[in-house]
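First up is the structure itself, then whatever we jot down about it.
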Amino acid sequence: MPTINTQLKIVVANGMRAAGGSSKTIQALLKHPGINRSIPQVVSRTKSMKVKGEEPPSPATLQNVLDGAKIGLDMASQISKVLYDRSKHLKIFINPNQKPDLFEAGKLLFGQKFDGNITFPMYVGLLQYMSDLGVGLEQATSPV
Amino acid sequence: MLGIFAYNDLTDQYVEYNTVDSDNPIPVLADPLDETTVYVQLFLRNDDVTKYYTTTTAAMGPSTSTVDNPMGMTFKLVEQNAQPAAEDWEYLSSGNTISFGSIGSSLAADLDYFPFWLQVVIPRATPVNVYNAIQLELSYVAEGIVVI
Chain A
33 MPTINTQLKI VVANGMRAAG GSSKTIQALL KHPGINRSIP QVVSRTKSMK
83 VKGEEPPSPA TLQNVLDGAK IGLDMASQIS KVLYDRSKHL KIFINPNQKP
133 DLFEAGKLLF GQKFDGNITF PMYVGLLQYM SDLGVGLEQA TSPV
Chain B
279 MLGIFAYNDL TDQYVEYNTV DSDNPIPVLA DPLDETTVYV QLFLRNDDVT
329 KYYTTTTAAM GPSTSTVDNP MGMTFKLVEQ NAQPAAEDWE YLSSGNTISF
379 GSIGSSLAAD LDYFPFWLQV VIPRATPVNV YNAIQLELSY VAEGIVVI
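The listed protein sequences derive, respectively, from chains A and B. Count along the first sequence starting at 1, add 32, and that's the number in my numbering. Count along the second sequence starting at 1, add 278, and that's the number in my numbering.
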């Protein structure tokens with residue numbers, strides 16, 4: 033009897049669980065392969081927003097950012113107004129040498145061409161959500 | 279040909295998982311600090327108007343035994359549209375097989391999306407790694423549509 037096999041890719045990585053049950057949000061993101069294609073298209077040529085603190089960001093910060101991106105993407109589908117018109121994007125970097133497990137997770141989220149850079153549109157919902165989570169922001173001084 | 283799909287709520291589109299290589303696998307994320315249970319809704323669909331399928335089944339392979347799966351992960355399948363309740367999973371064994379019966383008939387192909395659910399449980403303290411050995415395996419008998 034012929035068979036068709038579809039592979040599972042199970043990534044066990046520190047930091048994939050965060051307060052507030054946000055691992056469900058990550059799974060929700062992963063359920064939607066279309067996101068893999070939509071996010072790389074929004075890379076900005078304008079100034080970006082950077083996450084304060086260490087570089088690369090901690091797993092918890094990345095989790096927050098991904099949660100925020102989910103909210104931002106949801107909001108983007110409902111509203112067209114962008115609150116921060118001078119700095120519309122958030123950019124973070126995952127160093128594959130320092131955070132190999134998160135880098136693998138990033139490849140799952142964004143595809144095999146993922147190089148560690150993630151740029152998100154800075155919509156109202158994303159900003160508010162990150163503010164609620166206490167993630168600090170500052171404006172980048174150089175273009176993305 | 280039969281394929282496995284996910285539904286993208288944001289774009290209102292079905293997206294097919296790649297069945298040839300690992301560029302687009304079914305993704306599952308887990309944290310070793312706690313037991314992780316992941317529920318994924320998937321869809322089976324035939325996109326060939328000249329074919330119908332009989333004795334179509336789905337199971338996790340090549341094996342979910344403790345020999346091939348020393349980490350103790352469990353994989354269960356349920357064929358239904360709504361997400362199964364917790365008790366619906368309890369009586370199932372890991373590695374169970376679900377049956378879709380016939381997809382279409384000798385008179386016409388059926389191009390609908392047939393929903394089913396996958397539950398993956400990754401035990402606490404599973405070593406940090408990427409695990410690629412488990413596959414969702416569809417078995418079927420393909421038949422040609424009779425042209426009258």
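For each residue, glycine too, the CB sits at the ideal point set by N, CA and C.
query                                                                                                                                                             : result
By alpha-carbon positions, which one of B/Gly-281, B/Leu-414, B/Val-406 and B/Tyr-295 ends up nearest to B/Phe-353?                                               : B/Leu-414
Please report the residue range of the beta strand (DSSP E) in which B/Ala-336 lies.                                                                              : 329-339
So the candidates are B/Phe-394, B/Asn-407 and B/Gln-291; which of them puts its Cα closest to the Cα of B/Asn-374?                                               : B/Phe-394
Please state the DSSP three-state secondary structure of B/Ala-284.                                                                                               : strand
9 Å is my cut-off, CB to CB: does A/Asn-129 come that close to chain B?                                                                                           : no
Do A/Thr-38 and B/Leu-416 have their C-beta atoms closer together than 9 Å?                                                                                       : yes
Straight-line CA distance for B/Val-408 to B/Ala-308?                                                                                                             : 10 Å
Output the boundary residues of the alpha helix (DSSP H) element that contains B/Ala-387.                                                                         : Here B/Ala-387 belongs to no alpha helix (DSSP H), and DSSP marks it neither H nor E.
Starting from B/Ala-364, trace the alpha helix (DSSP H) both ways and give me its first and last residue.                                                         : 364-368
Let me know the secondary structure DSSP gives B/Asn-302 once reduced to three states.                                                                            : coil
Three-state secondary structure (DSSP) at A/Leu-40?                                                                                                               : strand
On the three-state DSSP scale, how would you describe B/Ala-403?                                                                                                  : coil
Am I right that B/Tyr-331 and B/Ala-420 are in contact with their C-beta atoms under 8 Å? What's the rounded C-beta distance?                                     : 6 Å
Ends of the beta strand (DSSP E) at B/Glu-428?                                                                                                                    : Since the first residue shown for chain B is 279 and the last is 426, residue 428 of chain B is missing from the structure and cannot be characterised.
Hey, does B/Ala-360 have any beta-carbon neighbour from chain A nearer than 9 Å?                                                                                  : no
Below 8 Å between beta carbons is the criterion; list the residues of the stretch 367-401 of chain B that meet it against any residue of chain A, in chain order. : Val-398 and Ile-400
Look up B/Ala-308 in the DSSP assignment and give the residues it is bridged to.                                                                                  : A/Val-44
Which residues, in chain order, does the stretch 401-412 of chain B contribute to contact with chain A at a C-beta distance below 9 Å?                            : Thr-404, Pro-405, Val-406, Asn-407, Val-408, Tyr-409, Asn-410, Ala-411 and Ile-412
Would B/Asp-427 and B/Gly-382 be called neighbours here (beta carbons separated by less than 9 Å)?                                                                : Because chain B spans 279 through 426 in this model, residue 427 of chain B falls outside it and cannot be assessed.
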